[in-house]
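> Counting from 2, one number per residue, gives the positions in the sequence shown under our numbering.
Take this structure, written in structure tokens, and hold onto it; I'll ask about it next.
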Amino acid sequence: MTVLAHRLDRTIVIHATPQTVFRFFTDSTRWAAWWGKGSTIDPREGGAVRIRHPDGTEVAGTVLGLDVPKQLIFTYGFVSGTPIAVGSSRVTINLEKHDAGTRLSLIHEFADTPVRDEHVQGWRYQLALFSNLVSDEVTADAGTQVDGWFSAWAEPDDEARLRALTAIADSAVAFRDRFGHTEGIADLMPQISAAQRFMPGIRLQRRGAIRQCQGTALADWVAVTADGQERGSGTNVFTFDSAGRITSVTGFWAPQPAGGRA
2 MTVLAHRLDR TIVIHATPQT VFRFFTDSTR WAAWWGKGST IDPREGGAVR IRHPDGTEVA
62 GTVLGLDVPK QLIFTYGFVS GTPIAVGSSR VTINLEKHDA GTRLSLIHEF ADTPVRDEHV
122 QGWRYQLALF SNLVSDEVTA DAGTQVDGWF SAWAEPDDEA RLRALTAIAD SAVAFRDRFG
182 HTEGIADLMP QISAAQRFMP GIRLQRRGAI RQCQGTALAD WVAVTADGQE RGSGTNVFTF
242 DSAGRITSVT GFWAPQPAGG RA
């Protein structure tokens with residue numbers, strides 16, 4: 002291989018475990034979801050790497066190193082030979098544990114500075130896409146988790162409510178809105194009891210699909226009475242850990258008509 006004296010470095014944090022992240026390097030279906038339909042990888046030293054971008058551009062390479070779930074090294078070059086010939090650059094991806102999940106560090110080594118600079122924005126985009134794909138897999142049940150959160154606020158039985166919250170949220174889950182500021186499920190439980198006391202019969206229901214990005218989800222909701230009358234609405238911001246459990250919730254009430262909150 003040509004001397005690769007110039008390198009591009011990029012580091013991101015992904016809300017998933019290293020084992021989950023690494024699956025996208027060893028499974029061709031996930032690899033293609035990251036790069037484009039028709040992309041494949043043979044996850045072994047000497048295995049073929051094929052990347053087919055959505056615009057039809059094709060990249061080929063060879064796996065040089067594979068250390069599950071820590072490192073992937075492969076050559077990277079364009080089938081057309083331009084701007085990089087096949088085998089003429091090298092990509093190293095390292096994974097390490099991080100408090101939020103996984104720190105991914107990418108090094109792409111090149112023979113020429115101009116070619117390296119051409120790839121800076123490409124990797125910025127590609128890794129953002131990758132991070133979202135991994136996070137979306139981790140939080141595939143986010144809608145169910147969100148619905149469980151709203152249901153827990155209407156559960157009158159303490160033991161049942163505790164079981165419901167424990168099933169979907171981290172024990173240290175933080176909750177914030179205009180009327181609450183709690184740390185942990187133990188602190189949240191009496192907050193919910195107080196809400197039931199001062200707003201009897203009110204239930205929170207999700208309105209529409211959630212919107213999520215890299216471990217954070219937005220969920221619109223409506224507060225309704227037992228007979229179905231709407232008494233308020235708003236949006237909650239949920240964050241999730243690397244196992245897909247809720248770690249924090251911030252609630253925003255929509256502006257209310259005169260008379261204030263129900």
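Even for Gly, the Cβ is constructed at its ideal location relative to N, Cα and C.
None of the values given here were measured: they were computed from a predicted structure.
Which runs of the beta strand (DSSP E) spanning at least 3 residues fall entirely within the segment 102-153, listed in chain order?
Complete beta strand (DSSP E) runs here, min 3: 102-111.
> Look at the alpha carbon of Asp28 and the alpha carbon of Arg53, and state the distance between them as a whole number of angstroms.
Using only the alpha carbons, I get a separation of about 15 Å.
> Report the residue from Val225, Gly252 and Glu231 whose alpha carbon sits nearest the alpha carbon of Val238.
For the residues Val225, Gly252 and Glu231, the minimum Cα distance to Val238 belongs to Gly252.
> Rounding to the nearest angstrom, what Cα-Cα distance links Asp148 and Trp35 in this structure?
When rounded, the distance between both Cα atoms is 29 Å.
> Could you name the residues that DSSP lists as bridge partners for Gln72?
Paired residues: Asp68 and Asn95.
> What does DSSP give as the partner residue(s) for Thr240 in the beta ladder?
Beta-bridge pairing links Thr240 to Thr217 and Ser249.
> Could you tell me the boundaries of the alpha helix (DSSP H) in which Ile186 lies?
Here the alpha helix (DSSP H) through Ile186 covers Ile186 to Phe199.
> Can you tell me whether Ala255 is buried or exposed, with buried defined as 16 or more other CB within 10 angstroms of its CB?
Exposed: under 16 other Cβ atoms inside 10 Å.
> Helix, strand or coil, according to DSSP, for Arg45 in the structure here?
Here Arg45 sits in coil by DSSP.
> Going by DSSP in three states, Ser234 sits in which element: helix, strand or coil?
Of the three classes helix, strand and coil, the one that applies to Ser234 here is strand, per DSSP.
> Cutting at 6 Å between CB atoms, please list the residues of its own chain near Ala218, excluding the five before and the five after it.
The answer, listed in chain order, is Ala143, Ile211 and Phe239.
> I'd like to know if the segment 101-110 and the segment 8-16 are in contact, where contact means that at least 3 CB-CB pairs between them fall below 8 Å.
Result yes; three or more Cβ-Cβ pairs closer than 8 Å.
> Helix, strand or coil for Thr183, going by three-state DSSP, please let me know.
Residue state, collapsed to three classes: strand.
> Is it the case that the Cβ atoms of Thr140 and Gly48 are separated by a distance below 8 Å?
No, Cβ-Cβ distance for Thr140 and Gly48 is not below 8 Å.
> Kindly give me the distance between the Cβ atoms of Ile186 and Ser172, rounded to whole angstroms, as I take these residues to be in contact under 8 Å.
Sure, about 5 Å apart at Cβ, within 8 Å.
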